[in-house]
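> Quick note, the sequence shown lines up with residues 1 to 274 if you use my numbering.
Beta carbons: idealized from backbone N, C-alpha and C, even for Gly.
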Amino acid sequence: MNLHKLTIGEFSRLCRVTIKTIRHYEKIGLLTPEKVDRYTNYRYYTVGQMQRMLAIRQLKELGFSLEEIATLFNDSSHFPDARMLAEKIDETEQQIQALLHRQSRLQVLLDSRKHHEQMEKITIQSLPGCIVASYKGVIPSYNDLGRVCCEVIGPEMQRLGCECTEPGFCFTRELNKEYTPTDIAIEYCEAVKEARTDSALIQFYELAPVEKAICYKHYGPYDNLYESYCELFSYAQREGYEVLEAPRAVYVDGIWNQEDPAKWLTIIQLPVKQ
């Protein structure tokens, strides 16, 4: 490579400026090639023009427009005087204030949107009473819940002649006194039209109605349910609610009708009073 005669590609690479930008600068007269081959139309640049490109980049970083930079080069000063620098400082201060104002407005909109999204996730409802078929057992993890429902609970309910309500309603409650990553003790309840004879696996009872419950919509797999529980209990505390019993995880959409875990919907119901 001849450093005294650089092709536009070499000039672009050394100056870290795209060829498109170099051609634009040529078009507006800010940086013209040292030589243009009249036969090939190839453009060549010199090492001295690298200094000019460096000056252009530095002035742009200081907030000077290409038109202002061109004026400086035409005046042969190549650097702004004290007056121009003071004007640019004032202009920058105005831009800072405008950006701070924009940031403030954006923050207000963001807070409003977060509040709106939270209100979409959280509702206060009463829960009707119903007869439930209850199964209490231990599952390795919540990912195994579907398998237990299909292979254990479902067949036993069918054997007992259970007829589920329409629309269907089922939920789980954790029975562990403390967190365990595996071997989770749960109660699984499913609403049925009438009670049948209890068996070793399934017992029937009437679930009492709940006057008030905070209901939280959780979208996604079960392994991050704890995030929703945290947000739900924080909301209850913030709004002055007293928790009456363990929360229920109501399964609306899951592996049985949605292959994509991101589309699973679980509604957490927390019975409370205020």
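Can you give me the C-alpha to C-alpha distance between Ala98 and Ser104, rounded to a whole angstrom?
If you take the alpha carbons of Ala98 and Ser104, they lie about 10 Å apart.
> With distances taken Cα to Cα, identify the nearest neighbour of Lys212 among Leu225, Gln125 and Ile268.
For the residues Leu225, Gln125 and Ile268, the minimum Cα distance to Lys212 belongs to Gln125.
> Count the other C-beta atoms from every protein chain shown that fall within 10 angstroms of the C-beta of Ile69, then say buried if there are 16 or more, exposed otherwise.
Buried, by the Cβ-count rule.
> Quick check: the Cα distance between Arg23 and Asp81, rounded to an integer number of angstroms?
Those two C-alpha atoms are separated by around 28 Å.
> Thinking His218 and Thr266 are a contact (beta carbons under 8 Å), I'd like their distance in whole angstroms, please.
Contact holds; Cβ gap of about 5 Å.
> Go ahead and pull the three-state DSSP assignment for Arg248.
Here Arg248 sits in strand by DSSP.
> Kindly indicate which three-state DSSP category Asp90 falls into: helix, strand or coil?
Three-state result, Asp90: helix.
> Just to confirm, are Pro181 and Gly129 a CB contact at a threshold of 7 Å?
Against a cut-off of 7 Å, the Cβ pair of Gly129 and Pro181 comes out as no contact.
> By the 10 Å Cβ neighbour count, where 16 or more other Cβ atoms means buried, how is Arg16 classified, buried or exposed?
By the neighbour-count rule (16 or more Cβ atoms within 10 Å), Arg16 is not buried but exposed.
> Less than 7 Å between C-beta atoms, sequence neighbours within five positions excluded: which residues of the same chain meet that for Ala246?
Cβ neighbours of Ala246 beyond the five flanking positions: Arg173 and Glu174.
> Helix, strand or coil: which one does DSSP assign to Asp223?
Asp223: helix per DSSP, three-state reduction.
> Exposed or buried, Trp264, counting other C-beta atoms within 10 Å across all chains shown (16 or more means buried)?
Trp264 comes out buried.
> When the Cα atoms are used, what is the spatial distance from Leu232 to Val272?
The alpha-carbon atoms of Leu232 and Val272 are separated by roughly 12 Å.
> Tell me, please, which residues DSSP counts as bridged to Pro278.
Given a span of 1 to 274 for the chain in the structure shown, any question on residue 278 remains unanswerable.
> Excluding sequence positions up to five away, which residues of its chain have a Cβ less than 7 Å from the Cβ of Lys193?
Taken in chain order, the residues that qualify are Glu163 and Thr165.
> Name, in chain order, the residues that DSSP records as bridge partners for His218.
Beta-bridge pairing links His218 to Thr266.
> Going by C-alpha distance, which of Gly168, Met84, Ser141 and Leu201 is nearest Tyr179?
The candidate whose alpha carbon is nearest that of Tyr179 is Ser141.
> Would you call the CB atoms of Ala195 and Phe204 closer than 7 Å?
Yes; because the gap between Cβ atoms is below 7 Å, this pair is in contact.
> Using alpha carbons as the reference points, say which of Gln269, Tyr42 and Phe73 lies closest to Leu30.
Nearest option by C-alpha distance: Phe73.
> Leaving out the 5 sequence neighbours to the left and right, which residues in its chain are closer than 7 Å to Ala55 when beta-carbon positions are compared?
Result list for Ala55: His78, in chain order.
> Taking all protein chains shown into account, do 16 or more other C-beta atoms lie within 10 angstroms of the C-beta of Ala249, making it buried, or fewer, making it exposed?
Buried.
> Within the segment 14-61, note down every full beta strand (DSSP E) run reaching 3 residues or more, in order along the chain.
Entirely contained in the segment 14-61, the beta strand (DSSP E) runs reaching 3 residues are, in chain order, 43-45.
> Determine the contact status of Gly220 and Ala262, defining contact as a CB-CB distance below 7 Å.
A contact, by the Cβ cut-off of 7 Å.
> To which residues of the same chain is Leu270 closer than 7 Å at the C-beta, ignoring the five residues directly before and after it?
Cβ neighbours of Leu270 beyond the five flanking positions: Ala213, Ile214, Leu232, Ala236, Val243 and Pro247.
> Sort Ile255, Lys136, Lys177 and Glu227 by Cα distance to Lys202 and report the nearest one.
A quick correction: the sequence has Ile, not Lys, at residue 202. For Ile202, the nearest C-alpha among the options comes from Lys136.
> Note down the Cα distance separating Gln49 from Lys20, rounded to an integer number of angstroms.
One C-alpha to the other measures close to 17 Å.
> Could you tell me the boundaries of the alpha helix (DSSP H) in which Ala70 lies?
Taken as a continuous stretch (DSSP letters only), the alpha helix (DSSP H) holding Ala70 covers Leu66 to Asn74.
> So which of Lys5, Arg57 and Lys88 has the shortest CA-CA distance to Lys35?
Selected option, being the one with the closest Cα: Lys5.
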